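Chemist:
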Amino acid sequence: MSPVRITLKLATSLDGRIALADGTSQWITSSASRARAHELRAAHDAVMVGIGTVLKDDPLLTARTVPLPDRQPLRLVADSQARTPLTSKLMTTLNAAPVAIVTAGAEAPQHAAAGAQVWRCGNTIRVNPQDFVRRAAAEGINTILIEGGGQLAASFVRAGLIDEIAWFRAPILIGEEGLSGIGALGLTDLKTAARWRPVATERIGDDVLDTYVRSEQ
2 MSPVRITLKL
12 ATSLDGRIAL
22 ADGTSQWITS
32 SASRARAHEL
42 RAAHDAVMVG
52 IGTVLKDDPL
62 LTARTVPLPD
72 RQPLRLVADS
82 QARTPLTSKL
92 MTTLNAAPVA
102 IVTAGAEAPQ
112 HAAAGAQVWR
122 CGNTIRVNPQ
132 DFVRRAAAEG
142 INTILIEGGG
152 QLAASFVRAG
162 LIDEIAWFRA
172 PILIGEEGLS
182 GIGALGLTDL
192 KTAARWRPVA
202 TERIGDDVLD
212 TYVRSEQ
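With the numbering used here applied, the sequence shown covers 2 to 218.
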């Protein structure tokens, strides 16, 4: 069992799409669902996204609850080649909450000089999820919320490191041309697919939040 509990947060249409084909995603779920997602952030030690999400959306990743939490989560970027812009919201708000750039071996001296942590987790072209979890545990991180994107989510699902899924669904259909919330898993046999057990359902206006935990069966 992993020493770090990892929750995957998804916010999709009914057919599991996180954006239109052109990448438009604001906003699929309602403002009430987004407020609930901020509560999820506040309940975790760290929040993680991939570099694609940073380059496309320039997220802040702080927990903007009412009232604000006593402590902001550590903001993590899976950024194998250290491409996070120094002008991004993450790097220009280090006084609001800490940031760790998680690379696949890159040094990222410019990020370190600006005040961000740099975690080297792997020596290939992609961040190694197992190396990352070991580093997170060593840093005293007990819970992580993964928010996007699809490739990052898929890498942790493939590695068997997702313990819980918090899935927000909006009552719309986007179609197969939309972008999927989870990247390719490489399955060739349904028997090897990860199984999930529903444990809670929450109505948020017209949206629904379903919570699943990994099934041991």
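Here a beta-carbon is modelled for each residue, glycine too, at the ideal position from N, C-alpha and C. Bear in mind that the values here come from a model prediction, so they are computed numbers and not experimental data.
Alpha carbon to alpha carbon, how far is M92 from Q118? Give it in angstroms, no decimals.
Modeler: Here residue 118 refers to the residue found at position 117 when the sequence shown is read from its first residue. Here residue 92 refers to the residue found at position 91 when the sequence shown is read from its first residue. Roughly 11 Å separates the two Cα atoms.
Chemist: Does the stretch 151 to 159 come into contact with the stretch 45 to 62, if we say contact requires no fewer than three beta-carbon pairs (one atom in each stretch) closer than 8 Å?
Modeler: yes
Chemist: From what residue to what residue does the beta strand (DSSP E) around P199 run?
Modeler: Numbered from its first residue, the sequence shown carries residue 199 at position 198. Per DSSP, P199 belongs to the beta strand (DSSP E) from W197 to I205.
Chemist: Mind pulling the beta strand (DSSP E) runs of 3 or more residues that sit fully within the stretch 11 to 57?
Modeler: 18 to 20 and 47 to 51
Chemist: Answer yes or no: do P74 and H112 have a C-beta to C-beta separation smaller than 7 Å?
Modeler: Looking up residue 74 in the sequence shown gives position 73. Looking up residue 112 in the sequence shown gives position 111. Not a contact, by the Cβ cut-off of 7 Å.
Chemist: Among P172, Q152 and G161, which has the Cα closest to the Cα of A185?
Modeler: Position 184 of the sequence shown, counted from the first residue, corresponds to residue 185. Of the listed residues, the one whose Cα sits closest to A185 is Q152.
Chemist: What are the start and end residues of the alpha helix (DSSP H) that includes L91?
Modeler: Along the sequence shown, read from residue 1 onward, the residue named residue 91 stands at position 90. Counting along the chain, the alpha helix (DSSP H) containing L91 begins and ends at K90 to T93.
Chemist: Using a Cβ-Cβ cut-off of 8 Å (strictly less than) and excluding sequence neighbours within five positions of A171, which residues of its own chain qualify?
Modeler: Taking the sequence shown and counting its residues from 1, the one referred to as residue 171 is at position 170. Taken in chain order, the residues that qualify are A12, T13, S14, L15, I29, T30, S31, S34, D207 and D208.
Chemist: Quick one: grab the DSSP three-state call for G151.
Modeler: Here residue 151 is taken as the residue at index 150 of the sequence shown, counted from 1. Here G151 sits in helix by DSSP.
Chemist: Spatial neighbours of S216 within its chain, please: C-beta separation below 7 Å, excluding the five flanking residues on both sides.
Modeler: What you label residue 216 is simply residue 215 of the sequence shown in a count that begins at 1. Result list for S216: R196, W197 and R198, in chain order.
Chemist: Can you list, in chain order, the residues of its chain whose CB lies under 8 Å from that of S89, leaving out five sequence neighbours each side?
Modeler: By one-based count along the sequence shown, residue 89 stands at place 88. If we look at S89 and ignore the five residues flanking it on each side, its Cβ neighbours are V55 and D59.
Chemist: On the DSSP letters alone, give me the boundaries of the beta strand (DSSP E) that Q118 sits inside.
Modeler: On the sequence shown, residue 118 is found 117 positions in, with the first residue counted as 1. From DSSP, the beta strand (DSSP E) with Q118 extends over Q118 to R121.
Chemist: In chain order, what residues of the same chain have a beta carbon less than 7 Å from the beta carbon of L1, not counting five sequence neighbours either side?
Modeler: In the structure as shown, the chain starts at 2 and stops at 218, and residue 1 therefore has no counterpart that could be examined.
Chemist: Along the alpha helix (DSSP H) that carries A113, what are the first and last residues, could you check?
Modeler: Counted from its first residue, the sequence shown places residue 113 at position 112. Where A113 is concerned, the enclosing alpha helix (DSSP H) stretches over P110 to A115.
Chemist: Have a look at L146 and E165 and give me their C-alpha separation to the nearest angstrom.
Modeler: On the sequence shown, residue 146 is found 145 positions in, with the first residue counted as 1. On the sequence shown, residue 165 is found 164 positions in, with the first residue counted as 1. Taking the straight line joining both Cα atoms gives about 9 Å.
Chemist: Take the Cβ of R236 as the centre, count every other Cβ of all protein chains shown within 10 Å, and call the residue buried at 16 or more, exposed below.
Modeler: Residue 236 falls outside the range modelled here, since the chain spans only 2 to 218, and no answer is possible.
Chemist: Could you check the C-alpha separation between A83 and T94 for me, to the nearest Å?
Modeler: The sequence position of residue 83 within the sequence shown is 82, counting from 1. The sequence position of residue 94 within the sequence shown is 93, counting from 1. Each residue's alpha carbon lies about 18 Å from the other.
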